[in-house]
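Before any comments, here is the structure.
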C-alpha cells in the first residue's frame, strides 16, 4: 500500500476540526513516504502550499479516476457525495467518525444511508467512545490530537485573567450559560468581584450575548474579542486560568479542551458527549445545561489551589496521550491493516 486517497468534504481555507485532522494526517502520511491525494468540496483558494495533490469540487470523471488510482480510501467523516465511486471500484476503505450521524432523535434517510456505508468499510474509527456508542459500536476509538507545536505554555507569561471561552457564538455552545454563571459568581462572592470573562470567537449569537451581558450588568467584565488564530490565540489563552466549555449539545469530542489545556488553562466542561473524554482527569465536569452546577464547579476550583495543582499535573500525561505523532500512527496502522485485509 502506497497510494492513499483522502476524502475531506471540507478543507482549508475552511476552518474546523475535520479540516485540521485532514491536513494533519495527509501531511504526516506524505512525510512517512506515502503518495497522498485529497478530494474536497471546498472551492476557496488556500494561502498554504501542501505536499499532496488537492482536487476541489471534482467532477464525475475526476472522482472515478482518483478511485482507480488509490490503493486505499480514507474518508475523514462520511461524505457520500465524494465516496460513491467506491461502489464501482471496491477499494478498501476506512471511515473516521468525527460527529453524530444525525442531529435529531429520529433516524433520517441520510443517516440510514451512512449506516449502510459504514458497514461496507473495512474499518471505522470514532473520535471518542461516546461517538462509538452512539453511532457504530464496532468502531475503533482514536481520540483527536492537538497541535502541540502551536498550543503550548509560553515562558514567562503570567496568567492575569480568569475565565475564557473559545468557540463559535451559536446557541449550541452555551455561551449564555457561561455569562449567567459569571454573573451569579460575581454577585454571590465578594472575592470574585474583580474576575473577568473573555469570549474568543464570533457568530450569529454575538449581539444577543452582548445584550445579555449588559442586562446582567457584567458588560464591563465580559470581553468579546472576536475570532483569533495561530499565535494570537495561543497568547490570549496563556493569559487565562480557566477554560469554560459549557456546550449544551453533546460535543463529539472537543479539541478546544486540549488546546486550552496545552496553554495552561484548567478546563471546566459540560458532561455531554465526548467532553469528559477530552478532559480526562485534568479538569472539572459539570451537568450540561445546569447553570448552578457550573457555578458550583467554578467555586470548587477558585480557591482550591491544591486541586488546581493536581489537575495541572494530570494534564501533562493527558496531553502526551493526545500529541499528533501518537494519534497519526494509530490512524496509519488501522489504514494499513484495512489495506492488508483486501
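In the numbering used here, the protein residues as written are 905 to 1246.
All C-beta atoms, glycine included, are put in the ideal place defined by N, C-alpha and C.
Item to check | When 918, 1225, 1037, 996 are compared against residue 1241, the one with the closest alpha-carbon | outcome: Nearest C-alpha to residue 1241: 996.
Item to check | residue 1110 to residue 1074 span [Cα, whole Å] | outcome: Using only the alpha carbons, I get a separation of about 8 angstroms.
Next on the checklist: Taking the straight line between their C-alpha atoms, what separation do you get for residue 1081 and residue 1087?
Outcome noted: Spanning the two alpha carbons is a distance of roughly 10 angstroms.
Item to check | Neighbourhood of residue 1068 by C-beta distance below 6 angstroms, restricted to the same chain and skipping five residues each side | outcome: 1102, 1144, 1147
Checklist entry - Which class does residue 1171 belong to by DSSP, given the choice of helix, strand or coil? => result strand
Item to check | Supposed close pair residue 1015, residue 1076 - CB separation, criterion 8 angstroms | outcome: With a Cβ gap of about 19 angstroms, residue 1015 and residue 1076 do not count as contacting.
Checklist entry - Do you know how far the Cα of residue 1107 is from the Cα of residue 1114? => result 12 angstroms
Checklist entry - Cβ atoms of residue 1047 and residue 1166: under 9 angstroms apart, would you say? => result no
Item to check | Reference residue 990, options 982, 971, 1006, closest by Cα | outcome: 971
Checklist entry - Hey, residue 1226 and residue 938: beta-carbon distance below 9 angstroms or not? => result Contact: no.
Checklist entry - Do you know offhand how far residue 969's Cα is from residue 1017's? => result 24 angstroms
Checklist entry - Is residue 1157 near residue 1184, with beta carbons less than 9 angstroms apart? => result no
Next on the checklist: Please state the DSSP three-state secondary structure of residue 1130.
Outcome noted: strand
Checklist entry - Which full runs of the alpha helix (DSSP H) of 4+ residues lie inside the region 911 to 973, going along the chain? => result Taken in chain order, the complete alpha helix (DSSP H) segments of 4 or more residues contained in the region 911 to 973 are 921 to 935, 964 to 973.
Checklist entry - So residue 1247 is in the beta strand (DSSP E); what residue range does that whole segment cover? => result The requested residue 1247 is not part of the displayed model; the chain covers only 905 to 1246.
Checklist entry - Any idea if residue 1099 is buried or exposed, counting beta-carbon neighbours within 10 angstroms, 16 or more meaning buried? => result buried
Next on the checklist: Considering Cα atoms alone, identify which of 1084, 1029, 1201, 1037 is closest to residue 1231.
Outcome noted: 1029
Checklist entry - Apart from the five residues on each side of it in sequence, which residues of its chain come closer than 6 angstroms, Cβ to Cβ, to residue 1066? => result 1099, 1100, 1145
Next on the checklist: For residue 943 and residue 918, I'd like the C-alpha separation in whole angstroms.
Outcome noted: 14 angstroms
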